[in-house]
Amino acid sequence: MTEVSPGYFLALAGLLFTIGVVGVLVRRNAIVIFMFIELMLNAVNLFFVTFARMQGNLQGQVLVFFVLVVAAAEVVVGLALILLIARRRASLDVDKVRLLKW
Amino acid sequence: MGLNTPEIELLGIAPEIALVVGALFILIVDAIIGEGGNKWHLWILSTIALGVSIFLAVQAWGSNELQMGDMIAVDGFAAFVKITLAVFALLTVWLSRSYLHRDGIEESEFYGLLLFAVAGMMLMASAADLIMVFLALETFSLALYVLVGFRRTSLTGQESAMKYFLLGAFSSTFLLLGIAFVYGAIGSTQMYGSSAAGAGAQGIATALVSLPAGEFTLLVIATGLLVVGLGFKVAAVPFHMWTPDAYQGAPSPVTGFMAAATKLAGFAALIRLLDAILFPLRGDWRPLVIGIAVLTMVVGSVLAVVQEDLKRLLAYSSIAHAGFVFTGIIASNDRGVSGSLFYLATYGITVLGAFAVIAVLGGRDERRTTVDDFRGLFYESPLLAGALTLFLLSLAGVPATVGFVGKLVVFGAAVEAGYSWLVVVGVLASAVAAFFYLKVLVVMYMQERQEGAEPATSGYGGLATGVIGLAALATVALGLYWSPLIDFAERATFFFSAGG
């Protein structure tokens, strides 16, 4: 088997993170924005794993578990908040949710 | 590979443990007692938990070591921040009791989440590992997202919770990316080099000594990302977009708590990172932080001028105050650190007092929070008007109030470090800021009350009055006799260091 250079993984992780940032800034549906945030978190996970490979220690792989748990906790709170809004309003478009100035 | 089980010493995180246990206890007790009654046990239990936590935090005063497998730094800095946070939380609990009781939304979850949030913030102050910073940040953020939306039938409350959540989650990914880059650069997320775990375990501080110059590029990028991630939490421009919305929609006690405690926790991590750990890289991070500081002071002060809602106005003012704290961090000398701590502690008390007045005057469901609603307040309720006057003057930095002393200390540190021009910007921003504080005062004292306006104060408990009184007392007393607190802050600038 040929060794794949870690540079490719770093590039992929960077690309995923960038897609996430652009998605958050461009899309207007709260759920979709949240999905892009999850994508960014997983891009960071890929960074951690790749760096762990490059550094030759396991710490980075352990950190991924912490990130996964936090992401799961975030989903619990976030979806509850979004659901609360969805019940009272017809749309989840963050541009239309503006009793307060955005 | 050998497996080193870390030595478990609980004194370092005892204040946090007390809070978490207290929060769980409150939730369970409430489940057993059930509905009905006026739920006085909730605030009593919270007060006890916070009191125990303060006691335990005081016990750690004077020690200077790393605990829990080098994850937790137990030092004077952490102790100061923990005690201050617990005091903020005490004031918030007492104020919340009156507020929640009046609005009929007193639930055990509120107190539980508040205590969890304080525990997270305390961990933030003593985190000695970047992953600890991230976990602590998420712990208190997740609790705060729910607290902000606690008026769950209110449309504005829901909206501000969602905005705070989306932007908060977005920003913490940047913090996490910064942590990943630090790991990529030095192979560890420790802040200090490890002393116990043996060779090979290095941290940022030791890596900065051992790595050859020129290999810091990744670390510098990581520093920038960390500043961005933490800058969101302390509401620094250009990462402040969530602040006015979250502050306006949140219940007033929560808003005060966020302005006081979240800022303190975020800055605690920033100060430890920038002024202690990354001090050797200050040539690289200073330009970025100076830019943020200038923008924060100017934008916060200028945008506050056009606000009609008092909570929104104080939100922008809190942004400007974050900028003033940054000047102390940029100085990055002992006076800067102790000045920042003093500033954050006193600003927190003052802003909690201001939001306490708003919570009382806002009435049920916060119907009356615009500046116009406070028209002629002095003639109806002179004491509350007097207290709010005092808090606004202190926020503006008028002499004989504690806000003046705070500004003097951080600006003095910046001058000492050779950043006089930054102080000039700060003073100009304060002058602009004085304008909108005075605008509120003019409305309160010099305008007639509207015809048919409902009475200003309706149904609030003695606890809220006590909080306002305590905050007002502290604002004046510390403004005239500040040396004990400054001494305390100065002795809190001792960070853990490998040399002892």
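For the record, the sequence lines run as chains E and W. At position 45 of the first sequence (counting the first as 1) the number is 44 in numbering that gives the first Met the number 0, and the numbers step up by one without a gap. At position 441 of the second sequence (counting the first as 1) the number is 440 in numbering that gives the first Met the number 0, and the numbers step up by one without a gap. The beta carbon of each residue, even a glycine, is placed where N, CA and C say it ideally should be.
Check	Outcome
Just verifying my parser: in three-state terms, what is the DSSP assignment at residue 72/W?	strand
Does the distance from the C-beta atom of residue 329/W to that of residue 270/W stay below 8 Å?	no
Nearest chain W C-beta to residue 56/E closer than 8 Å, yes or no?	yes
Nearest by alpha-carbon distance to residue 80/E: which of 161/W, 220/W and 86/W is it?	161/W
Taking residue 192/W as the reference, which of 222/W, 127/W, 155/W and 175/W has the closest Cα?	127/W
By Cβ distance below 6 Å, which residues in the same chain neighbour residue 80/W in space, the five residues on each side in sequence not counted?	124 and 267
Please report whether the beta-carbon of residue 10/E lies at a distance below 8 Å from any beta-carbon of chain W.	no
Can you look up residue 60/E in the DSSP assignment and give me helix, strand or coil?	helix
For residue 17/W, count neighbouring C-beta atoms within 10 Å of its own C-beta (all shown protein chains included) and say buried if the count is 16 or more, exposed if not.	buried
Can you tell me the Cα-Cα spacing of residue 448/W and residue 374/W, whole angstroms?	5 Å
Enumerate in chain order the residues of its own chain whose CB-to-CB distance from residue 264/W is below 6 Å, with the five nearest sequence positions on each side excluded.	120 and 123
Can you tell me which of the three DSSP states residue 58/W falls into?	helix
Have a look at residue 421/W and residue 293/W and give me their C-alpha separation to the nearest angstrom.	7 Å
For residue 272/W, does the count of other Cβ atoms within 10 angstroms reach 16, so buried, or fall short, so exposed?	buried
Who does residue 369/W pair with in a DSSP beta bridge?	308/W
Looking only at its own chain, which residues have a Cβ that is under 8 Å from the Cβ of residue 308/W, when we skip the five neighbours before and after it?	247, 368, 369 and 370
Of all the CB atoms in chain C, is at least one closer than 8 Å to the CB of residue 87/E?	Chain labels in this structure do not include chain C; the protein chains are E and W.
Taking residue 95/E as the reference, which of 29/E, 1/E and 48/E has the closest Cα?	29/E
Any C-beta of chain E sitting closer than 8 Å to the C-beta of residue 324/W?	no
Using 8 Å for Cβ pairs, my map puts residue 174/W next to residue 134/W. What's the rounded Cβ distance?	Actually they do not touch by this definition, with Cβ atoms about 11 Å apart.
Check whether the Cβ atoms of residue 432/W and residue 316/W sit closer than 8 Å, and answer yes or no.	yes
Quick one: does residue 50/E have its CB under 8 Å from some CB of chain W?	yes
What residues in the stretch 1-32 of chain E have a beta carbon less than 7 Å from any beta carbon of chain W?	16, 23, 29 and 32
For my contact list, residue 463/W and residue 170/W are in at a C-beta cut-off of 8 Å; report their separation, rounded to the angstrom.	Actually they are not in contact, since the Cβ atoms of residue 463/W and residue 170/W sit about 32 Å apart, beyond 8 Å.
Using only the alpha-carbon positions, how far apart do residue 198/W and residue 131/W sit?	For residue 198/W, the predicted model reports a pLDDT of 46, less than 50, meaning its position is unreliable and no value from the coordinates is stated.
Since residue 368/W meets chain E, which of its residues come closer than 9 Å, beta carbon to beta carbon?	Those within 9 Å of residue 368/W in chain E number zero; the least Cβ separation is about 12 Å.
Does DSSP classify residue 126/W as helix, strand or coil?	strand
Give a yes or no on whether the minimum CB-CB distance between residue 34/E and chain W is below 8 Å.	no
Between the alpha carbons of residue 47/W and residue 439/W, how many angstroms are there, rounded?	37 Å
If I measure Cβ to Cβ from residue 51/W and keep anything under 6 Å in the same chain, skipping five residues before and after, which residues do I get?	17
Roughly how many whole angstroms lie between the Cα atoms of residue 9/W and residue 243/W?	39 Å
Below 8 Å on C-beta distance, what does residue 144/W contact in chain E?	76, 77 and 80
For the 8 Å Cβ check, are there 3 or more pairs between the stretch 275-284 of chain W and the stretch 407-415 of chain W?	no
Give every residue of the same chain whose Cβ lies closer than 8 Å to the Cβ of residue 44/W, excluding the five residues on either side of it in the sequence, and list them in chain order.	21, 24, 25, 28 and 110
Nearest CA to the CA of residue 116/W: which residue from 347/W, 357/W, 261/W and 434/W?	261/W
Check whether the Cβ atoms of residue 339/W and residue 359/W lie closer than 8 Å to each other.	no
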